[in-house]
Amino acid sequence: MNPAVRKIRMGFVGGGEGAFIGQAHRQAAGLDGGFELVCGAFSRDPHNTRQTGAALGLAASRCYHDWQHMLDTEALLPLDQRMELLVIVTPNHLHAPIASQALEAGFHVFSEKPAALDLKELLALREVLQGSRCLYGLAHTYLGYPMVWQAREMVRSGVIGQVRKVLVEYPQGWLSQDVAAQGNKQAEWRDDPLQSGLGGCIGDIGTHAFSLAEFVADQPIQQLCAALGTHIPGRQLDDDVAMLFKMADGASGVLLASQVCTGEENPLKIRIYGDKGALEWRQEEPASLIHRALDQPLRILRSGVGQPWLCEAAQRRMRLPAGHPEGYLEAMANLYGDFAQAIRNHVEGPDIPGVPGIETGLRGMAFIEAAILNHRGDAKWTTVQTGASLL
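For the sequence shown, the UniProt record's numbering gives the first residue as 1, with consecutive numbering after it.
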């Protein structure tokens, strides 16, 4: 990185010692050297916050006992010292309240998904964002992979022709047993509607599958027919999702998301079929994009710096030559890199090129509500609409 480029000062809410996703965010933000961690309210446990801050080399005065105190104190610091970007990696119920107050205080926000607990809360957050001069990003990390952008460009440029069918699946196995009863804190809060929101599996990973389908196919899902299931006795929220959907330009699709697929790790996968060919991408093998064309042998496009057959958007998101694995952290780092560039360029307005934002969050929340409403009711199809809450 050019040493003359100024680092963006960053603060964290959540992500204390023992929290996987907070550490992943810090590693991703630091990958290209564009950010400097200057403060944090890492945990509700003051000892955890102090210990995390010390381990990260922060001054004790910049390790805050709660996020409100952090926002108030940082706002009083000189402009060249206070944080510029707040990263939110807390349980879901805090995402919107923290983001709203941070935006009102003049801080940019990068939040873990979902953006809010429900569509009503999210629409209120959008109003705050639109009334500020700040930027907002959402951690739909899988949209940061280079070969996802390559697939989207191939769809846009007509390589596979008119899209007819989209199959997207996201099976996990980590909730195949009642791990919440065994003391798994991540499982505990995810099954609490007050902390997690309206959906379980559908909100946690179903929205990733939904956003990936809309992004790569380059068209919105308009209607869906959903079945949500709960396989573990006593579990409050869904752990299994299956649905059919219809897209705006006529494609039909199937979405499967489950956290009770025993033995599965994180095999998010999408297949898109057009009248001239098809594409397939798997998150567990992110460097490969399979292209099937009519009357031609199957070919596999591979990621890597300098591959002339890859589009500019994919090339820009790669760091290493072919054969050198890049994965989840690099995909998240791509989101952080585009966010840093937007801050340096003084981009105004909520949308950041290359970074999922409030509209992606609204689409995801509308998807959750439409699926729940359809599952509970007798209608064959339910429309995914972002203008007002369905529930």
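Positions of the beta carbon are idealized from the N, C-alpha and C atoms, including for glycine. A quick note: this is a predicted structure, and the numbers were derived from the prediction, not measured.
For my contact list, residue i and residue j are in at a C-beta cut-off of 8 Å; report their separation, rounded to the angstrom.
i	j	result
Val260	Leu175	6 Å
Glu112	Ile88	6 Å
Leu125	Ala102	Incorrect: roughly 11 Å between the Cβ atoms, too far for contact.
Glu121	Ala96	5 Å
Leu237	Gly200	3 Å
Gly18	Gly40	Not really, about 14 Å apart at Cβ, beyond 8 Å.
Leu391	Leu198	7 Å
Ala248	Gln219	5 Å
His65	Thr49	7 Å
Leu279	Ile372	At roughly 30 Å, the Cβ-Cβ gap does not stay under 8 Å, so Leu279 and Ile372 are not in contact.
Ala340	Ile352	So it is not a contact: roughly 10 Å between Cβ atoms.
Ala226	Asn374	5 Å
Ile221	Ala213	7 Å
Ala151	Trp281	5 Å
Ala115	Leu329	22 Å between Cβ atoms; not a contact.
Determine the DSSP secondary structure at residue i, reduced to helix, strand or coil.
i	result
His95	helix
Asp240	strand
Glu280	strand
Leu335	helix
Cys39	strand
Asn345	coil
Asn2	Unreliable placement is indicated for Asn2, whose pLDDT of 48 sits below 50; the coordinate value is still reported in the next sentence. Correct three-state label for Asn2: coil.
Val254	strand
Arg50	helix
Ser389	coil
Lys7	coil
Tyr64	coil
Gly30	helix
Leu138	strand
Thr73	helix
Leu58	coil
Ala371	helix
Glu265	coil
Met318	coil
Ala124	helix
Ser100	helix
Gly131	coil
Arg235	coil
Leu362	helix
Ala313	helix
Ala116	coil
Leu329	helix
Do residue i and residue j have their C-beta atoms closer together than 8 Å?
i	j	result
Phe367	Thr207	yes
Leu119	Asn92	no
Leu31	Ala333	yes
Gly203	Ser211	no
Gly274	Val163	yes
Val347	Gly137	no
Leu86	Val109	yes
Val38	Val148	no
Lys269	Leu294	no
Phe35	Tyr336	yes
Leu303	Pro146	Leu is not the amino acid found at residue 303; the sequence shown has Ser there. It is a contact, given that the beta carbons lie within the stated cut-off.
Arg319	Glu326	yes
Gly106	Ala75	yes
Arg292	Leu298	yes
Thr90	Gly14	yes
Glu169	Leu256	yes
Asp178	Ile232	yes
Glu285	Gly173	no
Arg376	Arg6	no
Which residues does DSSP list as the beta-bridge partners of residue i?
i	result
Gln223	Lys246 and Thr383
Arg292	Ala278
His108	Leu85
Leu355	Going by the sequence as given, residue 355 is Val instead of Leu. In the DSSP output, where bridge partners are listed per residue, Val355 has Ile352.
Arg302	Ser288
Phe12	Gly40 and Val87
Tyr145	None; Tyr145 has no bridge partner.
Ile21	Partner(s): none; Ile21 has no beta bridge.
Ile272	Val166 and Leu279
Gly229	Asp240
For the ligand FAD, is there any heavy atom lying closer than 7 Å to the beta carbon of residue i?
i	result
Asp191	Ligands are entirely absent from the displayed structure, and the ligand FAD is therefore not among its contents.
Scan the region 147 to 216 and note each continuous beta strand (DSSP E) run of 3 residues or more that stays entirely inside, going in chain order. Listed in chain order, they are 163 to 171.
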